[in-house]
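Okay, structure first, notes after.
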Amino acid sequence: MVFTLFGLISCDRSEEYVEIRDTREPSRFSPDPELGLSFKDRVGIQQTSNNPSESSKVSFFVKMVGPKSLIDGEKSRFDAFCKTLKVGKGNPPFEWAKPDEWDDVEGTKMRIANFRFGPDKKGECYFTVLPGGGELLSNLNRWRGQMGLPNATRADADALPSRQFLFGEGKYVEIEGSFKGFGVSEGKDGYKMIGIIMPELQIELPK
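So the sequence shown is numbered by this note's numbering: it starts at 84 and just counts up by one.
What follows is the structure, encoded as structure tokens:
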């Protein structure tokens, strides 16, 4: 599936100029944008192959994880947040509206939007964009591994329900287990993870 992002990707970037009149004060969660970048550069697509179709694939993820009872109570806010995610004018070029009950956490190179919530801030939700990013099955099994679950099959991945997300449809994941985050040695029992995976979306770039 190929998507052309009109208004963000130019067929001839050297001759197209856009005057931006809107201004706002950046928050501490909004790094100073670099000017003159293409959508490809703002998202972070890097040339990793001589084949243009290989180097212009991007994967989009939104994930929420925490104690099961907390996550069950936040599903409606998760759905509302996902519906607000859209392509914007920033750098990275995305906009969203966070639930009032969630706290902003400063983003990282991997996490474009990053939040904590719950009485002890044990719940987290974040939106990630990765160049390439891998196929659906490998990402599903990466998430399952974080929850201490065995690998799924391709049939399992294909059977995941679809969910409207950003440019089209992603696959909705809902799993429970013993959560072990990156660099953590012991899992946290009774955790739940929900999220949407939109793998290897083909972005049409200028030739």
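The C-beta atom is built at its ideal place from N, Cα and C for all residues, glycine as well.
The structure displayed is predicted, hence computed values, not measured ones.
- Counted as a single uninterrupted DSSP element, the stretch harbouring lysine 192 is not any beta strand (DSSP E), since DSSP gives it neither H nor E.
- Using a C-beta cut-off of 8 Å, the region 153 to 160 makes no contact with the region 226 to 245, since fewer than three inter-stretch Cβ pairs fall below that distance.
- Rounded to the nearest angstrom, the gap between the Cα atoms of arginine 194 and asparagine 174 is 13 Å.
- Approximately 7 Å separates the beta-carbon atoms of methionine 230 and glutamate 259; this is inside 8 Å, confirming the contact.
- One alpha carbon belongs to proline 244, the other to proline 202, and they sit about 31 Å apart.
- Isoleucine 279 is a Cβ neighbour of glycine 253, given a cutoff of 8 Å.
- When beta bridges are read from the DSSP output, glutamine 247 appears opposite Glu252.
- In the DSSP annotation of this structure, the continuous segment of the beta strand (DSSP E) that includes serine 142 starts and ends at 140 to 150.
- Across the structure, leucine 213 and glycine 266 are spaced so that their CA atoms are roughly 20 Å apart.
- For tyrosine 274, the closest C-alpha among the options Met147, Leu223 and Phe210 is that of Met147.
- According to the DSSP assignment, leucine 213 belongs to no alpha helix (DSSP H) but to the beta strand (DSSP E) extending over 206 to 214.
- Secondary structure of aspartate 272 (DSSP, three-state): strand.
- The DSSP-derived three-state label of glycine 171 is coil.
- Beta-bridge partners of arginine 199 (DSSP): Asp186 and Glu207.
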